[in-house]
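See structure below.
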Amino acid sequence: MTERSSILHPAAMLVCVACIVVCLCCGPAAAADSAPPKVKLFGTVEFKGKIKQLPNWTRVLGKMEKWKGFFQYISTAKLPSKSGWSKLVKEVEGQDAMGKLKAVNKFFNLWPYRLDAANYGVSDYWATPMEFLKKSGDCEDYAIAKYYALQEFGFSIDSMRIVAVKDYIRGIGHAVLVVYTDSGAYVLDNQTNMVLSHARYKHYIPQYSVNEKFRWMHVPTKKRFGKKATTNNVKQENVLPVP
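Here the sequence shown stands for residues -31 to -1, 1 to 212, where the numbers follow mature numbering (1 follows the signal peptide of the UniProt record, and there is no 0).
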């Protein structure tokens, strides 16, 4: 670039400044609509990979390919939950993202907790929403049902993940649904009807997370978790197995 071409006319400079202002004001907002914000989920470093190594999850995905829109037609299904679902649809109408998250979380948390061994005779089984509504389930089954229900209410696949965590306080494995919004990542947990930021859950150490596209492995940082980051004093029960 020559010296002459690098000098802007005052009018051109004003145009450039205006463009910068527009980009600063509009850019992030537009990006927020198309992708979740950059969040270190539960304070970890994550690495993205393929989901082929998760047969329980890919089985659910295969079933749900045939049942896309399942919740839209639940009112015609012979399920005891159909009247409740109809009420939920009316409840979330016109609500903002947080209102929908709270309503969906509370709705599915009404189902009783049941172990896979009692429902299916095996130690680990991932239930489809249809199976969950009929038999209920354990932690990951709540998360899966909420994941697909929220899709019916306009939440994108990219904005949600099912997360396997270690609950350091109770010393057991657990699973929750995390939903990314413009204001951060929020946790839908079958143990509470409150929908809180992931940053509030200091006792959850994530192992991995999944959606329909990818799997993420999570590496806890000692800066946040200290010795808990490397602890093995956690029972691997009622949780998605680490691949």
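Glycine included, C-beta positions come from ideal geometry on N, C-alpha and C.
Whether residue i touches residue j by CB criterion (8 angstroms)
i: residue 35; j: residue 97; result: no
i: residue 187; j: residue 178; result: yes
i: residue 16; j: residue 173; result: no
i: residue 134; j: residue 175; result: yes
i: residue 144; j: residue 109; result: yes
i: residue 159; j: residue 88; result: no
i: residue 155; j: residue 57; result: no
i: residue 30; j: residue 184; result: no
i: residue 83; j: residue 106; result: yes
i: residue 54; j: residue 40; result: yes
Buried versus exposed, by CB contacts within 10 Å (16 or more), residue i
i: residue 100; result: buried
i: residue 224; result: Outside the displayed range of the chain (-31 to 212) lies residue 224, so it cannot be described from this structure.
i: residue 3; result: Confidence in residue 3 is poor, its pLDDT being 40 and thus under 50, which makes the residue's placement unreliable; the coordinate value appears in the next sentence. Exposed: under 16 other Cβ atoms inside 10 Å.
i: residue 67; result: exposed
i: residue 161; result: exposed
i: residue 119; result: buried
i: residue 61; result: buried
i: residue 128; result: buried
i: residue -8; result: The pLDDT assigned to residue -8 is 37, lower than 50, so where the model puts this residue is not dependable, and the model offers no usable value.
i: residue 45; result: Residue confidence is low: residue 45 scores 48 on pLDDT, short of 50, so the model does not pin down where it sits. No coordinate-derived value is stated.
i: residue 115; result: buried
i: residue 151; result: exposed
i: residue 142; result: buried
i: residue 65; result: exposed
i: residue 92; result: exposed
i: residue 73; result: buried
i: residue -10; result: In this prediction, residue -10 scores a pLDDT of 37, lower than 50, which makes its location untrustworthy; no coordinate-derived value is stated.
Bridge-paired residues (DSSP) for residue i
i: residue 134; result: 143, 175
i: residue 98; result: Partner(s): none; residue 98 has no beta bridge.
i: residue 155; result: 148, 166
i: residue 106; result: 82
i: residue 188; result: 14
Residue from the options with nearest C-alpha to residue i
i: residue 117; options: 164, 63, 131; result: 131
i: residue 147; options: 137, 121, 138, 111; result: 111
i: residue 85; options: 104, 72, 79; result: 104
i: residue 157; options: 151, 24, 75; result: 75
i: residue 26; options: 113, 13, 82; result: 113
i: residue 81; options: 95, 102, 64, 65; result: 102
i: residue 8; options: 169, 171, 149, 165; result: 149
i: residue 95; options: 14, 19, 28; result: 28
i: residue 63; options: 21, 122, 165, 191; result: 122
i: residue 37; options: 59, 126, 52; result: 126
i: residue 137; options: 52, 170, 18, 19; result: 170
Kindly provide the ranges of any alpha helix (DSSP H) runs that are 4 or more residues long and lie completely inside the stretch 6 to 85, ordered along the chain. 24 to 35, 51 to 61, 66 to 77
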